[in-house]
Amino acid sequence: MARFGMVIDTAKCVGCMDCVVACKTENNVPEGFNRDWITTEVHGTFPTVQMEIRSERCNQCATPPCVYSCPTGASHVHDVGGIVLVTKEECIGCKACIASCPYDARFIHPEGYADKCTFCIHRVEAGMDPACVAVCPTHCMHFGDLDDPNSPVSKLLASRKHHSLMPEAGTQPSIFYLT
Amino acid sequence: MQELSTTRNNHLIDPSLHVWGWEIPVYLFIGGLVAGIMIISGYFVLKGQYKKNVFSCFHLPHISLALLSLGMLALFLDLEHKRYVWRLYTTFQVTSPMSWGAWILVLVYPALFLNTLIRIPEPFRNRIKLFDRLSERINQHPFAIKNIGVMNMLLGTLLGMYTGVLLSSFGARPLWNSAMLWMLFLVSGLSSAAAFVHLIARDTFERELLAKADNGFLTLELFVFGGFISGLLTSTRVHQEAAMTILTGSYAPGFWVFVIGLGILIPLLIQLLAVNHKVRHSPVAPIMVIAGGLLLRIILVAAGQDTHWTLASFPGN
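Heads up: the sequence lines are chains D and V, in that order.
For the record, in the first sequence the residue sitting at position 96 is 109 according to my numbering, with numbers rising by one throughout.
For the record, in the second sequence the residue sitting at position 64 is 55 according to my numbering, with numbers rising by one throughout.
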């Protein structure tokens, strides 16, 4: 079974927020909420200060605590690429999934259900890239099957130094950042 | 230096998680209180005290039914997608403590109802024939009464444990992620329940007994707190920082003054003097214990939401 993931080249990302705008437009994300966002991390001591700009979203974890904590099964792992989705007609809005996510990637949609990045599954099922990947002007974002060793994302991970977010949380995220 | 800035500003998520307000702590508190009452009333039923009308165990089951319904109302108010609440009962999700809790509550209601039927409260007697007949039938079988007592004790224990397990299962919130939390909430529930019975008891023997029991529960609670805190302090940096939010951080005044001081130590001292006949029994100590139990949950729910995995890299944030 395929496991979809994203590889984001932080050396190319300029934090332009095109991915954020594309996501909001593509998925009708309500005003005041974001399914993806830009994080800037600065660390080091002058003169060796380093900055990493990252486009972040739900990490589509292979061990998803949000799915395990959901009392109704509304949060589930989809057959297509192991993408974590929410069935809004099954969600009671208890917010257990939000409390269980170490990335704080979910929010309550104004209509009452838990919402988050879906890797634009409607586009992926039609053979397209997620909207954020498609619009990136620096081509820093790559989407594909992590389980296929010949996919571009697997090749990038095999050839470049990379990290994921909070690996210590043990959720096996599917988004990787090239450094 | 290490700085993290984000463009995300989602409602209830940023700058720090605050998805659960007063409703969940109230629900957890009432759940714990009812759990404790079920254990105490189950014990009294088992010991045959239900035969004495003056005993408060006679009133506990129907008070519990009302309290539990209030707790469920608080939980319902917290839900954001209320019209889909019935979805809880179309499935059983084995990995979800909330699903376990929902189904435990389905068992708790009939257990409390059966306990009520052992002695139907005066205003409801001779009103519904079916209930009177069921009550008669139960009272013809002392073995059934004992089983109802045991069932209430077991389900009360499960309910009390669940209120802690619900929070401790969230690995993303280091303050809650402790195997001691279920024990803390269960003992705190028992102590609040003992204080509640102490408060309403008219029988001197019962009041003395519950005050002594409450002293035991409060002392045990202090030990469990010690285990809870030391477990966090001897764990990873993330858990140490999480413990600091209640020990020295912004939640420390509320924790030390209201939960430990006014919620455990002072009432323990008053009740120790009362059971040794140095002062008279008064409602002051039990009220302090009950308020302390509620504040414990309010503070732990709020502080837990403030803790996250980035605490190790960004302590104090």
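Cβ coordinates follow ideal geometry from the N, Cα and C atoms, glycine included.
Quick caveat, the model's predicted, so the values are computed rather than measured.
When DSSP labels each residue in this structure, what does Ile66 of chain D get in the three-state scheme?
Three-state DSSP puts Ile66 of chain D in a strand.
Chain-order list of residues whose beta-carbon lies under 6 Å from that of Phe176 of chain V (same chain, five-residue window excluded)
If we look at Phe176 of chain V and ignore the five residues flanking it on each side, its Cβ neighbours are Gly23, Thr154, Gly155.
Under 8 Å Cβ to Cβ from Thr23 of chain D, same chain only, skipping five residues before and after it: list those, please.
Cβ neighbours of Thr23 of chain D beyond the five flanking positions: Glu65, Ile66, Arg67, Cys153, Tyr190, Leu191, Thr192.
Run through DSSP, which three-state label would Ser183 of chain V get?
helix
Return the first residue and the last residue of the alpha helix (DSSP H) that Thr148 of chain V is part of.
133 to 159
Against chain V: residues of the stretch 113 to 125 of chain D by CB proximity under 7 Å
Ser113, Cys114, Pro115, Asp117, Phe120, Ile121, Gly125
Following a CB-centred definition, is Val62 of chain D positioned closer than 7 Å to any heavy atom of the ligand NAP?
This structure does not include the ligand NAP; it has no bound ligands of any sort.
Identify which residue in V:Tyr41, V:Gly218, V:His2 has its Cα closest to the Cα of Met174 of chain V.
V:Gly218
Which residues in the same chain have their Cβ closer than 6 Å to the Cβ of Met179 of chain D, if we skip the five residues on either side of it in sequence?
Pro115
Let me check understanding here. Comparing Cα to Cα, which of V:Ser126, V:Leu166, V:Leu260 lies closest to Gly222 of chain V?
V:Leu166
Counting only Cβ pairs nearer than 8 Å, list the residues of chain D close to Gln231 of chain V.
Among the residues of chain D, none has a CB under 8 Å from the CB of Gln231 of chain V; the nearest is roughly 14 Å distant.
To the nearest angstrom, how far is the alpha carbon of Leu19 of chain V from that of Ser55 of chain V?
14 Å
Taking 8 Å as the CB-CB limit, is Tyr242 of chain V close to chain D?
no
Does chain D have any CB closer than 8 Å to the CB of Glu14 of chain V?
no
By DSSP's criteria, Glu103 of chain D is part of a beta bridge. Which residues make up the other side?
Paired residue(s): none; Glu103 of chain D is not in a bridge.
Can you find a C-beta in chain D that's less than 8 Å from the C-beta of Gly162 of chain V?
yes
Cβ neighbours of Ala204 of chain V in the same chain (closer than 6 Å, five flanking residues each side left out):
Ala185
Nearest-angstrom Cα distance between Lys168 of chain D and Ile105 of chain D?
Taking the straight line from one Cα to the other gives about 41 Å.
Leaving out the 5 sequence neighbours to the left and right, which residues in its chain are closer than 7 Å to Cys29 of chain D when beta-carbon positions are compared?
Pro150
Nearest to Ala276 of chain V by alpha carbon, out of V:Arg288, V:Leu287, V:Leu263?
Closest by alpha carbon: V:Leu263.
Does the distance from the C-beta atom of Gln73 of chain D to that of Phe17 of chain D stay below 8 Å?
Against a cut-off of 8 Å, the Cβ pair of Phe17 of chain D and Gln73 of chain D comes out as a contact.
Neighbourhood of Gln185 of chain D by C-beta distance below 8 Å, restricted to the same chain and skipping five residues each side:
Around Gln185 of chain D, the same chain offers Cys74, Ala75, Thr76 as residues with beta carbons nearer than 8 Å, after the five sequence neighbours per side are excluded.
May I have the straight-line CA-CA distance separating Thr225 of chain V from Gln231 of chain V, to the nearest angstrom?
Each residue's Cα considered, the two are about 7 Å apart.
Among the candidates D:Ala127, D:Arg70, D:His56, D:Glu54, whose CA atom is the shortest distance from the CA of Ser187 of chain D?
When the alpha-carbon of Ser187 of chain D is set against those of D:Ala127, D:Arg70, D:His56, D:Glu54, the nearest one is in D:Arg70.
Neighbour list for His353 of chain V in chain D, Cβ cutoff strictly below 7 Å:
Past the boundaries of the shown model lies residue 353 of chain V; chain V is included only from -8 to 308, so the question cannot be answered.
Using alpha carbons as the reference points, say which of D:Ile21, D:Met14, D:Ala15 lies closest to Arg173 of chain D.
D:Ile21
Can you say whether Phe46 of chain V is buried or exposed, counting buried as having 16 or more other CB atoms within 10 angstroms of its CB?
Counting other Cβ atoms within 10 Å of its Cβ, Phe46 of chain V reaches 16 or more and is therefore classed as buried.
With 16 other Cβ atoms within 10 Å as the buried cut-off, status of Tyr80 of chain V
exposed
Could you check which residue in V:Ile220, V:Pro88, V:Phe208, V:Met279 has the C-alpha nearest to that of Ile30 of chain V?
V:Phe208
Would you say Lys108 of chain D and Val10 of chain V are within 8 Å of each other, going by their C-beta atoms?
yes
Mind checking the stretch 27 to 53 of chain D against chain V and listing, in chain order, the residues whose C-beta falls within less than 8 Å of any C-beta there?
Met30, Val33, Gly45, Phe46, Asn47, Trp50, Ile51, Thr52, Thr53
Can you find a CB in chain V that lies within less than 8 Å of the CB of Pro143 of chain D?
Taking Cβ atoms only, chain V never reaches closer than 8 Å to Pro143 of chain D, which makes this a no.
Examine chain D for any beta-carbon lying closer than 8 Å to the beta-carbon of Asn130 of chain V, and answer yes or no.
no
Indicate whether Ile289 of chain V and Pro16 of chain V have their beta-carbon atoms separated by less than 8 Å.
Using a Cβ distance threshold of 8 Å, Ile289 of chain V and Pro16 of chain V count as a contacting pair.
Give a yes or no on whether the minimum CB-CB distance between Ile30 of chain V and chain D is below 8 Å.
No - not a single Cβ of chain D is within 8 Å of the one on Ile30 of chain V.
Would Ile95 of chain V count as contacting chain D if we go by Cβ distances under 8 Å?
no
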